[in-house]
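Counting from -6, one number per residue, gives the positions in the sequence shown under the working numbering. Glycine residues also receive a C-beta, built at the ideal position from the N, C-alpha and C atoms. Remember, it's a predicted structure, so these values are computed and weren't measured experimentally.
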Amino acid sequence: MADVYFKSASTPYAKDALHLSVEKFMKKVDFIEKEDIVAIKLHMGELGNTGYIRPIFVRKVVDFVKTKGGKPFLTDTTTLYGGKRGNAVDYLITASINGFSISSMGCPVIIADGLFGREEEILSIEGHEIGVAKAIVEADSLIVLSHFKGHGMAGFGGAIKNLGMGCCSKNGKIWQHEASKPLYDEAKCILCMKCLTFCPAGAISEDNGKIFIEYEKCTGCGACTVLCEEGCFYLTDEIAEKFQRRVAISAKAVLKKFLEKSYFINFLMDITPRCDCCSFADKPLINDIGILASTDAVAIDKASYDLVCDVAKKDIFYEVHGINGLVQIEEAENLLMGEREYELFEI
Ligand code: SF4
Ligand code: SF4
């Protein structure tokens, strides 16, 4: 059974301030050695999104790593879809606007898969060759900060998703998204034609009053499932499960390098329906719950999911997306990445 530490978002006194709890969580980290290069992996938010992890929490992690003599850097990878994080230049500008720069964080921000997402190491796992971002693979230890929230293709996203998708190069992402090419529901379509412009692969076309997806071109990026306001693009259970299994396999590939040198903090705040890749953040589904920390990526995601369901009194992610996000947790446990059984310790 894994230990998961929890700090409630309820903070009636200054001594309970949430950023201080991040310090307490970090004091449980004992694997950072002097001169270690420490990758702090987080999603720094798409331009226009406001739900991502607040910079003050991240700064606390950076400062702790320095007290141990480690050399931290903030990191993430480029995206597959259009937006303001598709290459390292755009991402660094977006990160700076969102509050993450060397001057605000006290450490460099490095886009781990290079200028165009091609800098990778190929790691073998379960018979698959996974493209993982080079700067992450080359680090000595890994701290994963995850905003726990809904996700249109995985039900929800936490530590496993952050590892699997977030630490991979473009090739690694393509392999995962190949499993998630959407279907099109003609009955819902009002032929507004917006999808013809927002598909980054140019895979959507119109002919004779009908929309078509060219699956040879489609990368499965999911942009159309988010951006079509009529909900015409959708995933079946089978597609969503296959996608989540690939995310978990990729997460396992990343973790192989950091078996005894990884730590996870999940932020159950601003629990929005969709992920921080969106250029907007809808109002949260429920009130803030708090912050969790663990050395076990599976346990922390299961504990996060359970807390959300407890507060919402239902699987609110399933209600929003119709996707069972527990598949990623089950698959990660099957891959021996961690365990679903956990004990929660409140700090
Ligand atoms: S964006 Fe949606 S509603 Fe508009 S044409 Fe495309 S599929 Fe139809
Ligand atoms: S059709 Fe949809 S999932 Fe496929 S590439 Fe275009 S936007 Fe992405």
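Check: Enumerate in chain order the residues of its own chain whose CB-to-CB distance from S173 is below 8 Å, with the five nearest sequence positions on each side excluded.; Outcome: M146, G213, G215, L228, I232, A233, K235, F236
Check: Which runs of the beta strand (DSSP E) at least 3 residues long sit entirely within the segment 133 to 221? Give them in chain order.; Outcome: 134 to 140, 142 to 144, 148 to 150, 197 to 200, 203 to 206
Check: Would you mind sorting T87 into buried or exposed? The rule is 16 or more other CB atoms within 10 Å of its CB.; Outcome: buried
Check: From the DSSP secondary-structure annotation, give me the bridge partner or partners of T68.; Outcome: K34, I103
Check: Excluding sequence positions up to five away, which residues of its chain have a Cβ less than 6 Å from the Cβ of A105?; Outcome: T68, T70, A126, A128, I129
Check: Among S14, A7, M(-6), which residue has its Cα nearest to the Cα of S1?; Outcome: S14
Check: Checking the sheet assignment: what are the DSSP bridge partners for V125?; Outcome: E114, C161
Check: State the Cα-Cα distance for the pair N80 and G195, rounded to the nearest angstrom.; Outcome: 19 Å
Check: With burial defined as no fewer than 16 other Cβ atoms inside 10 Å of the residue's Cβ, what is the status of K181: buried or exposed?; Outcome: exposed
Check: From the DSSP secondary-structure annotation, give me the bridge partner or partners of I284.; Outcome: K0, F260
Check: Along the alpha helix (DSSP H) that carries E234, what are the first and last residues, could you check?; Outcome: 230 to 249
Check: Using 7 Å as the cut-off, classify the Cβ of L35 as near or not near the heavy atoms of ligand 1, replying yes or no.; Outcome: no
Check: With distance defined between alpha-carbon atoms, name the residue in I204, H170, F310 nearest to I183.; Outcome: I204
Check: Counting along the chain, where does the beta strand (DSSP E) carrying L252 start and finish?; Outcome: That residue, L252, is in no beta strand (DSSP E); it is neither H nor E in DSSP.
Check: When every heavy atom of ligand 4 is checked, does at least one fall within less than 7 Å of the C-beta of A216?; Outcome: With respect to ligand 4, the structure offers nothing, as its ligand set consists of ligand 1 and ligand 2.
Check: Which residue wins for smallest C-alpha separation from T265, given the options L319, A274, I316, Y74?; Outcome: A274
Check: Using only CA atoms, which one of N259, A325, L329, F310 lies nearest to M19?; Outcome: N259
Check: Assuming R143 and V313 form a contact by the criterion Cβ under 8 Å, report the distance between their Cβ atoms to the nearest whole angstrom.; Outcome: According to the sequence provided, residue 143 is Gly. The question's Arg does not apply to it. Yes, G143 and V313 are in contact; Cβ-Cβ is about 6 Å, under 8 Å.
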